[in-house]
Amino acid sequence: MTESDRLIFGPGNGAGARRPSNGLLASILWLGGVIATVVAMAVGAVLAVFTAVAVAVIALFAAVLVFFAGLAMGARRKAVVRNRRADDVIEAHKVDGAWVAYGWERPGR
165 MTESDRLIFG PGNGAGARRP SNGLLASILW LGGVIATVVA MAVGAVLAVF
215 TAVAVAVIAL FAAVLVFFAG LAMGARRKAV VRNRRADDVI EAHKVDGAWV
265 AYGWERPGR
C-alpha cells in the first residue's frame, strides 16, 4: 500500500478506522445525530398521515362514483320503451322544396 492509498483508504489494520472521541465534539455530533433522526421521523410521520388522507379521499370519491353508477344502472333497467301509438302519426307536406310537419306538437301545452 502506497502513501496515497493510506490517505484514501486509511490504515490497513483497522485500528484507526474510527476517529477517537474528543469529549465535547463527540457529544455535539451525537446530539446532532439524535436531532436529525427525530426530525426525519417527524417528517416521515407527517408524510404517512398525508398519504393516508389521500387514500381515504380517493376511496370516498370511488364510493360516490360507484353509488351513482349503481343509480344510473338501476334507472336504465327501469326505463320502459314506449311504442308509438297509431294516433301519434304526424303529417308532412312538401312546401317549396322543404318538408313541413303538422301534428307533432303534444296536446296540452
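Each residue of the sequence shown is one higher than the last, beginning at 165 in my numbering.
We put the CB at the ideal spot given by N, CA and C, even for glycine.
Would you mind reading off the limits of the alpha helix (DSSP H) that contains residue i?
i, result
"Ala204", "Leu188 to Lys242"
Per DSSP, which one or two residues make a beta bridge with residue i?
i, result
"Glu255", "Tyr266"
Which residue's Cα is closest to the Cα of residue i: the options?
i, options, result
"Ile254", "Val219, Ala190 and Ala265", "Ala265"
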